[in-house]
Amino acid sequence: MKIKKVINNNIVVIDDNNQEAIIMGRGLGFKKKRGDEVDPQKIDKKFYPQTHQNAEQLINMLNDISLEEMEAANEILNLASNKLSTNLNDTEIISLSDHIHNAIARGKEGIFLKNNLLWDIKHFYPKEYEIGLAALDIIGHLTGFRLNDDEAGFITMHIVDAQMEQGYHNVNGITQFIQEITQILKYACHQEIDENSSYYYRFITHLKYLAQRIFSQHQDITPPDKMMLKLVEKNIHNHLFMPKR
């Protein structure tokens with residue numbers, strides 16, 4: 001495997017059997033140049049961009065990212081994969097590393113972005129949000145900089161995105177979709193939803209799947225029959241809402 005381009009001391013682009021690949025590892029690019037051989041023992045991660053344009057975009061994102069930021073992203077995604085018992089999109093490490101890098105850079109200047117969807121993220125993605133909170137400890141340990149809880153919410157959305165393999169803006173749209181549907185239910189039925197019930201968790205899960213289909217433009221959803229609608233309506237009233245006092 002020969003180097004095509006050195007991005008920084010820890011990231012290089014190689015030609016792997018006539019296919020362009022981005023590889024990461026401590027010291028991979030140190031004192032290296034185009035045409036040099038890569039030490040396979042130093043490779044931690046390898047990515048195969050789908051197109052040359054995609055490769056250029058990824059390379060531009062990686063230029064300023066430190067190894068510690070990449071290691072943090074990798075550890076967070078490994079934790080998520082184990083906790084959620086699912087395989088995550090490998091290229092998410094680049095997007096998450098870029099997010100961590102920019103969040104730390106802003107934080108060092110005293111700029112912290114407010115996450116307006118934080119409350120919804122906590123309620124709609126509780127398992128992923130736990131990982132988002134753990135991510136703050138991982139980032140703090142590896143980089144020496146502690147991010148705030150708003151960033152835990154943003155990281156949660158990256159984890160959700162890695163599961164869905166959709167665009168980050170779609171995860172944001174899906175979260176807003178769920179928020180609006182639950183608000184419609186509250187106003188239409190004039191009752192508060194019991195957010196601690198198992199039925200609420202199931203309801204949110206079904207809404208997520210519905211939203212994923214809509215946002216991925218797979219809208220060929222068969223309309224439910226009248227009996228099914230009555231059953232859903234009964235379960236919503238009996239189990240989803242808090243008892244009236």
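Take the sequence shown: its letter number 167 is residue 167 in UniProt numbering, and every next letter is one higher. Glycine is no exception: its CB is placed at the ideal position from the N, C-alpha and C atoms.
*If you drop the 5 nearest sequence neighbours on each side, which residues of the same chain put their C-beta closer than 8 Å to that of residue 36?*
Numbered from its first residue, the sequence shown carries residue 36 at position 36. 2 and 3.
*Kindly indicate which three-state DSSP category residue 38 falls into: helix, strand or coil?*
Looking up residue 38 in the sequence shown gives position 38. DSSP places residue 38 in coil when its eight states are reduced to three.
*Below 6 Å CB to CB, which residues in the same chain sit around residue 103 once its five sequence neighbours on both sides are set aside?*
Taking the first residue of the sequence shown as position 1, residue 103 is located at position 103. 147 and 151.
_Quick check on the DSSP output: the alpha helix (DSSP H) that includes residue 70 runs from which residue to which?_
Mapped onto the sequence shown, residue 70 falls at position 70. Here the alpha helix (DSSP H) through residue 70 covers 67-84.
*Just how far apart, CA to CA, sit residue 186 and residue 210?*
For the purposes of this step, residue 186 is taken as residue 186 along the sequence shown, with counting starting at 1. For the purposes of this step, residue 210 is taken as residue 210 along the sequence shown, with counting starting at 1. Roughly 19 Å between the two C-alpha positions.
*What residue from 80, 89, 22 and 71 has the CA that sits closest to residue 56's CA?*
Residue numbering aside, residue 56 sits at position 56 when the sequence shown is read from its first letter. For residue 56, the nearest C-alpha among the options comes from 22.
*Report buried or exposed for residue 85, applying the criterion of at least 16 other Cβ atoms within 10 angstroms of its Cβ.*
Counted from its first residue, the sequence shown places residue 85 at position 85. Exposed, because fewer than 16 other Cβ atoms sit within 10 Å of the Cβ of residue 85.
*Secondary structure of residue 112, DSSP reduced to three states*: Sequence index remark: in the sequence shown, residue 112 carries index 112 (1-based). If DSSP states are grouped into helix, strand and coil, residue 112 belongs with coil.
_Close beta carbons around residue 68, own chain, < 6 Å, minus the five adjacent residues each side_ = As a working note, residue 68 is residue 68 in the sequence shown. So the list reads 142 and 143, once near-sequence residues are dropped.
*Compute the Euclidean distance between the alpha carbons of residue 149 and residue 106, then round it to the nearest angstrom.*
As a first step, residue 149 must be located in the sequence shown, where it is residue number 149. As a first step, residue 106 must be located in the sequence shown, where it is residue number 106. Each residue's alpha carbon lies about 15 Å from the other.
*In three-state terms, what does DSSP make of residue 194?*
Taking the sequence shown and counting its residues from 1, one reaches residue 194 at position 194. In the structure shown, residue 194 sits in coil (DSSP, three-state: anything other than H, G, I, E or B).
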